[in-house]
């Protein structure tokens, strides 16, 4: 990946709706080579998709919680069952299996505290293999960027 590829990624990260002509102009290429590079970045898995940035509050998901999960069991069957169930919980917007403690970090997005309590009591406490959880509530978002800038 050279500096032009990095510039393409940077521009598309800032605005995924740029036309090829606009993108080519911003990175200093003519349209055909720019499109070839974008297609190569897509085909090689560097660019994995294009997404809209959506206001969590506007869609009723403004209350965000970081849930730390420690597992009671670490066997393959339990881990697979836990991960399969967490994938089905729509309010769990991101889940990462970690090295060390906690075993999982899960970002939950719900309308409010009452919504989180209902989700916690109905689904999160029933996840397989969970020993302990710890919830952290977002006070304010100081910085948020979905992907690193190159």
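Numbering (the working numbering), first residue to last: 6 to 155. Beta carbons are placed, not taken as given, at the ideal position from N, Cα and C, and that holds for glycine. Owing to the predicted nature of the structure, the values given are computational and were not obtained by experimental measurement.
Under 7 Å between C-beta atoms of residue i and residue j
| i | j | result |
| --- | --- | --- |
| residue 20 | residue 40 | no |
| residue 4 | residue 13 | Residue 4 cannot be examined here, being either before or after the span of the chain that is shown, 6 to 155. |
| residue 93 | residue 124 | no |
| residue 114 | residue 57 | no |
Distance between residue j and residue i (C-alpha atoms, nearest Å)
| i | j | result |
| --- | --- | --- |
| residue 84 | residue 127 | 20 Å |
| residue 65 | residue 120 | 10 Å |
| residue 106 | residue 81 | 18 Å |
| residue 79 | residue 37 | 51 Å |
| residue 29 | residue 8 | 14 Å |
| residue 16 | residue 10 | 10 Å |
| residue 52 | residue 34 | 19 Å |
| residue 146 | residue 68 | 11 Å |
| residue 143 | residue 55 | 27 Å |
Own chain partners of residue i with C-beta closer than 6 Å, once the 5 adjacent residues on each side are dropped
| i | result |
| --- | --- |
| residue 99 | 112 |
| residue 87 | 132, 133, 134 |
| residue 117 | 68 |
Own chain residues within Cβ distance below 7 Å of residue i, not counting five before or after
| i | result |
| --- | --- |
| residue 110 | 71, 73, 101, 103 |
| residue 90 | 132, 133 |
| residue 23 | 16, 17 |
| residue 32 | 9, 12, 13, 16, 39 |
Does the segment 66-81 come into contact with the segment 129-144, if we say contact requires no fewer than three beta-carbon pairs (one atom in each stretch) closer than 8 Å? Contact between the segment 66-81 and the segment 129-144 is present, because at least three Cβ pairs lie under 8 Å.
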